[in-house]
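Novice:
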Amino acid sequence: MNRKASFQVVVSNLAIATALLIAPLTSYAIEQGEQRREARDVKQDARQGARETKAECRAGEEKTRAECRQDKRDTKQDARKEGRDIKY
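The numbering used here applies: residue 91 is where the sequence shown begins, and numbers increase by one.
(1) Mind checking whether Lys144 and Arg170 have CB atoms under 8 Å apart?
(2) Would you report the Cα separation of Gln122 and Leu110, rounded to the nearest angstrom?
(3) Could you tell me whether the Cβ atoms of Ala149 and Lys166 are closer together than 8 Å?
(4) Does the beta carbon of Val132 come closer than 8 Å to any beta carbon on chain C?
(5) Considering just the uninterrupted stretch of the alpha helix (DSSP H) at Thr165, what are its terminal residues?
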């Protein structure tokens with residue numbers, strides 16, 4: 091009877107320890123997912139902004155097509171950098 095009680099104590103202690111170790115891992119995964127979604131949203135918003143930047147550039151006829159494309163690339167690259175800053 092005494093062995094059975096001590097075995098139950100050991101098993102319950104292991105269960106508690108396992109639960110305490112798993113809890114931070116799940117919260118880390120949730121946080122990581124939120125950061126990934128936020129970074130994706132930033133990049134998606136930047137895509138639309140880059141389109142608008144290029145359209146305004148082409149409508150203004152002050153720059154060449156190549157310069158307008160470069161402006162669009164720069165806008166998207168800035169968004170990628172911002173997304174990386176959020177994620178990491």
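Idealized CB from N, CA, C, for every residue including glycine.
Specialist: A quick look at the data gives this:
(1) As a working mapping, residue 144 is identified with position 54 in the sequence shown. As a working mapping, residue 170 is identified with position 80 in the sequence shown. No.
(2) Numbered from 1 along the sequence shown, position 32 holds the residue referred to as residue 122. Numbered from 1 along the sequence shown, position 20 holds the residue referred to as residue 110. Each residue's alpha carbon lies about 19 Å from the other.
(3) As a first step, residue 149 must be located in the sequence shown, where it is residue number 59. As a first step, residue 166 must be located in the sequence shown, where it is residue number 76. No Cβ-Cβ contact shorter than 8 Å links Ala149 with Lys166.
(4) The structure shown contains no chain C; it holds only a single protein chain.
(5) Here residue 165 corresponds to residue number 75 of the sequence shown, with the count starting at 1. 155-177 is the span of the alpha helix (DSSP H), which, as asked, contains Thr165.
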